[in-house]
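Residue numbers (the numbering used here): 12 to 890.
Glycine residues also receive a C-beta, built at the ideal position from the N, C-alpha and C atoms.
Given the structure is predicted, the values throughout are model-derived calculations rather than measurements.
Below is one structure; the comments refer to it alone.
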Ligand code: BES
Ligand code: ZN
C-alpha cells in the first residue's frame with residue numbers, strides 16, 4: 012500500500028534524466044500469485060553526466076530477485092520496494108542491466124501495474140504503474156523500444172497480447188506457451204501493456220490511406236462477442252476520420268482492444284493495445300442506452316486518437332498532461348460532432364464543462380490546466396486538465412482561424428514526432444505558422460479560475476450607434492491570489508427586430524475580427540455604427556470561451572433570443588437561464604415561506620418549441636429539460652439548501668406540465684415508434700424528447716400507468732431506464748414501481764453493466780431514506796466494493812447524483828460515507844479519492860450541513876495510513 016510521503020513535485024524542478032533506456036526487453040513468466048519479470052535494459056549514460064552519478068530507478072511494492080550488469084552480478088546497490096539505487100557503474104557509456112522481480116497480480120487490488128480481472132492478466136501503467144512491474148525510470152520523457160515475451164499456461168491463458176506487432180509464438184513444455192511482441196515505436200513506460208487470458212474476440216480489417224493493412228481485434232469475455240460490434244464500427248470510423256481531418260495514419264500492422272470488467276478509468280491508450288473498461292465496449296439495444304452508445308463512440312475515438320496525440324508525441328512530464336489529454340478530448344469532441352448533431356453535441360459539452368469543471372475551478376481543488384505542483388499525479392486527471400484543456404484548444408482555433416490551426420498541428424506532428432514535448436513546444440508551432448505571439452493566450456494554461464465577463468451596452472438612436480463594453484475579472488484560487496486579464500475570444504451577433512443578424516459594417520475599438528471580439532484587457536469598449544435600430548445582443552456564441560457571462564437581459568430580450576438567436580447554443584443557453592431564474596426566484600420565496608409564482612411565458616415558449624418541426628428532436632429535448640438541481644446550486648453559489656432547490660424545481664416542473672398537459676401528451680404519443688431500434692443520433696433524439704415529455708407527464712398524471720406502460724413496452728434500454736427512473740423517483744412504494752424493479756432485476760440479473768443502472772436509479776431516489784436503500788443494496792449479491800463500476804454505479808451515483816438524499820440534514824450520510832472512503836482507500840486509493848472529490852463543493856452548503864461535512868472530512872484527515880491520493884484531496888478540501 013502506498014502511503015503519503017508528503018513530497019511535492021514541482022514543474023520548475025524538471026531535469027532531464029541522467030540515463031536513457033534505449034531498449035527494453037521484458038520476459039513475463041505469468042503466474043496468478045508469483046509472476047517473474049525479467050527486464051533487460053540497454054542503458055546509456057547521457058553526455059556530460061559524471062561516472063559517479065548513480066542510476067536511480069523507481070519501484071512500488073517490488074520484490075527484487077536478482078540484478079546483473081553486463082552479465083555480472085551487481086553488489087553496490089540498495090533495493091527498497093520503491094527505489095533501486097545502483098552505484099559503481101561500468102565506465103562505458105552504454106551497458107545492459109538485467110533486473111528480475113517477483114510480483115503478485117492476484118493481490119493487486121489497486122488496479123495499477125499487473126493485476127487480474129475475472130482471471131485475465133491485465134495491466135494499467137499510466138501514470139506511475141509500470142514501477143509496480145519492474146524497477147525503471149518511470150517518467151514519460153524516457154522513451155524506449157520494447158520487446159516483450161509472455162509465457163503462460165496455455166489453457167488458462169490462450170490469448171497473449173502486448174504492444175506492437177506479433178513476432179513469434181508457440182507451444183512449450185508443461186502445457187505452457189509463449190508469444191513474442193515487438194513495438195518499433197519508442198515509447199514511455201506508461202504506454203506499456205500486456206493482456207493474457209481466455210477471451211473471445213471479433214476481428215476486422217482496415218486499409219490506411221497509404222495502403223497499410225491493419226488487423227483489428229476486440230477481445231471480450233466469451234459470450235459477449237456480439238456486443239462488441241458497435242465498438243468495432245466506431246473504431247473504423249475513428250481511423251478514417253483521423254486520416255481525413257488530421258492526415259494521421261495508423262502505424263502498426265495490428266490494433267487490439269481488450270475489454271476488462273475491473274478498471275479504474277474509462278480506457279487506456281497503450282500503444283497498439285488499448286485496454287478498456289468494458290462499459291465502453293459492450294453494447295446492444297437491450298442493455299445499452301443512447302448515452303452508452305455515444306460514450307463508446309467517444310472513448311474508442313479518444314483512445315485511438317491518442318496514437319498521435321499522446322503516443323507518437325508524448326508528454327515531457329506529468330505537468331504537461333493537458334498536452335495529450337486536452338488536445339485528444341478536443342479531437343474526440345470534434346469527431347462526435349461530425350458523427351452526430353454539432354449543435355446538440357456542443358450543448359452537451361458545455362453542460363459537462365459547467366457541471367464538472369466550473370465547480371472545480373471555483374472551489375478548493377482549483378488548479379491551472381497545467382498545474383505547477385502536485386503531491387499525487389492521479390489526482391490531476393481532472394475536468395480542468397481534460398475539459399478546460401479541450402476548451403483551450405477550441406479557443407486557440409477560434410483565435411488563429413481554421414487554416415492556421417491545421418497548419419500549426421501539422422508542424423507539431425512533424426517537428427515533435429517521436430519526442431516528449433511541452434505546452435511551450437506546442438504553442439510555438441502555432442506562433443511559427445502565424446508569425447504572431449500567443450503569449451497572452453498561453454496564460455490560460457497557467458492561471459486557474461473561471462473569469463467573469465460582464466457586459467454593458469448603450470444604444471444611441473440619434474447617432475445610430477451601439478456602444479458595447481466588456482469587462483473581465485477572475486477571483487483568487489488556492490495559491491494564486493492575483494489574477495491577470497486573459498485573452499478571451501467572445502463570438503457575438505447583433506440581432507435586429509426581424510430576428511436576423513445585423514452585419515457590422517463600421518466600428519471603433521481594437522480586437523474585432525469577423526464575428527469575434529478579442530477581450531484582452533480588464534475592460535474594453537467597441538462602438539458599432541450604422542445600426543438602424545436597437546439590436547439584441549447575442550454574446551459568447553457557441554460558448555466561445557470557458558467563462559461566466561453576466562449579462563442583464565430584460566425578460567423580453569430573453570424571450571426574443573430564445574426564439575430568434577441563429578446560434579443554437581445561444582438559444583439553449585437563454586432558455587436554460589430563464590428556467591434557472593424562475594427556480595432561483597422561488598427558492599428565495601420558499602426560504603421566506605412565501606407562495607411561489609411563475610411567469611406563464613416560459614411554459615408558452617416551451618409549447619412553441621416542442622412543436623417546431625424545423626428543430627431536431629434532440630435540440631428540442633435539451634430546450635425542454637429543466638436545469639438539474641446541481642446546476643441551480645452552482646448558480647446560487649452559497650448557503651445551499653438542497654431541499655429548497657428541489658421543491659422549487661418540482662414546482663416549476665408541475666406548472667409547465669399542467670399548462671401543457673394536452674400538448675405534451677399528444678406529442679409524446681406521436682413519438683411512439685414502431686421502427687427497429689438504431690443507435691444513431693436521430694433515433695436517440697426522438698427517445699430523448701420522449702423521455703423529457705414523459706417526465707412532465709409523470710408530474711401531471713395522477714398515477715404511474717403511462718410510465719409503467721413505457722417500461723413494459725420498451726424494446727430498448729433508453730426507454731426502459733427512463734421509465735424505471737420515473738417509477739422509482741415519483742411513484743416509489745406503488746406496486747408498479749416495486750414490480751418494475753423486480754422485473755428489471757430478473758431480466759438483467761446476469762448483465763452487470765445493466766444492473767449498474769438499476770443500482771444507480773435507486774441510489775438517486777430523492778428521499779431521506781435513500782441512505783438505507785443504498786446500505787441494503789451494498790448487501791446485494793451483485794454488488795462489490797472491489798469493482799469500480801459497481802462502486803461508482805451505487806455510491807458515486809448517491810454522492811454525486813442525489814443532492815437531497817445524500818445531503819440529508821442529520822449528517823448521517825456523511826458519517827457513512829467517511830467510513831466508506833476509508834474502507835475503499837485500503838484497497839484502491841484512486842477510486843476512493845475520486846469518490847471523495849464529488850464533495851468538493853461542500854463549503855457552499857448551508858451552515859448546518861457544512862458543519863457535518865467538516866467533521867466528516869476531519870475524520871478522514873485524522874485516519875492513519877491514508878493513501879497519498881486521499882490525503883492530498885482531503886487536505887486541499889479542508890484548506
Ligand atoms: N490516458 C487516459 C486514461 C488514464 C487516465 C490512465 C488516468 C491513467 C490515469 C485515457 O486516455 C483517458 O483519458 N480516458 C478517459 C476517457 C476519455 C474519453 C476522456 C477516462 O478514462 O475517463
Ligand atoms: Zn486520454
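According to DSSP, is residue 216 helix, strand or coil?
strand
Helix, strand or coil at residue 807 according to DSSP, with G and I counted as helix
helix
How would you label residue 365, buried or exposed, when you count the other beta carbons within 10 angstroms and need 16 or more for buried?
buried
Residue range of the unbroken alpha helix (DSSP H) whose run includes residue 922
Absent from the model: residue 922. The displayed extent of the chain is 12 to 890, so no value can be given.
What would DSSP say about residue 848, mapped onto helix, strand or coil?
helix
Under the rule that 16 or more other beta-carbon atoms within 10 Å means buried, what is residue 12, buried or exposed?
Its pLDDT being 46, under 50, residue 12 is placed unreliably in this model, and the value from its coordinates should be taken loosely. Exposed: under 16 other Cβ atoms inside 10 Å.
Excluding five sequence neighbours on each side, which residues of the same chain lie with their C-beta closer than 6 Å to the C-beta of residue 346?
252 and 312
Buried or exposed, going by whether 16 or more other CB atoms sit within 10 Å of the CB of residue 183?
exposed
Pick from 506, 636 and 476: whose alpha carbon is nearest that of residue 617?
636
Suppose contacts are defined by Cβ-Cβ distances below 8 Å. Is residue 375 in contact with residue 865 by that definition?
no
Can you pull every residue whose C-beta falls closer than 5 Å to some heavy atom of the ligand BES, listed in chain order?
137, 276, 277, 279, 280, 310, 313 and 392
Below 8 Å between beta carbons: does that hold for residue 7 and residue 145?
One cannot answer for residue 7 here, as it falls past the ends of the chain, which runs 12 to 890.
Which class does residue 333 belong to by DSSP, given the choice of helix, strand or coil?
helix
Using CA atoms only, rank isn't needed, just tell me which of 289, 570 and 338 is closest to residue 762.
289
Report yes if the C-beta of residue 336 is less than 7 Å from at least one heavy atom of the ligand ZN; otherwise report no.
yes
Residue 91: first and last residue of the uninterrupted beta strand (DSSP E) it sits in:
88 to 91
Residue 795, DSSP secondary structure in three states:
coil
I'd like to check one pair, residue 465 with residue 369: are the Cβ atoms closer than 8 Å?
no
CB of residue 317 to nearest heavy atom of the ligand ZN: below 7 Å?
yes
Where do the ends of the beta strand (DSSP E) carrying residue 732 lie?
Residue 732 -> not in any beta strand (DSSP E); alpha helix (DSSP H) instead, spanning 728 to 741.
So what does DSSP say about residue 494, is it helix, strand or coil?
coil
Rounded separation between residue 848 and residue 271 - CA only
25 Å
Can you tell which of 176, 615, 398 and 767 has the C-alpha that lies nearest to the C-alpha of residue 267?
176
Measuring CA to CA, which of 533, 814 and 511 is closest to residue 652?
814
Whole angstroms is fine: what's the gap from residue 797's alpha carbon to residue 805's?
13 Å
Have a look at residue 576 and residue 631 and give me their C-alpha separation to the nearest angstrom.
15 Å
Suppose the cutoff is 8 Å on Cβ atoms and the five residues either side in sequence are ignored; what does the same chain contact list for residue 319 look like?
253, 257, 259 and 424
Is residue 325 near the ligand ZN - that is, is its Cβ less than 7 Å away from at least one heavy atom of it?
no
With distances taken between CB atoms, is the gap from residue 241 to residue 315 smaller than 8 Å?
no
In angstroms, rounded to a whole number, what distance separates the CA positions of residue 828 and residue 49?
42 Å
At least 3 beta-carbon pairs within less than 8 Å: the region 443 to 459 vs the region 508 to 516
no
Mapping DSSP to helix, strand and coil, what is residue 192?
strand
If you compare alpha carbons, which of 588, 554, 875 and 579 is closest to residue 564?
588
Residue 421 versus residue 342 - alpha carbon distance:
14 Å
Nearest-angstrom Cβ-Cβ length linking residue 499 and residue 558, presumed shorter than 8 Å
6 Å
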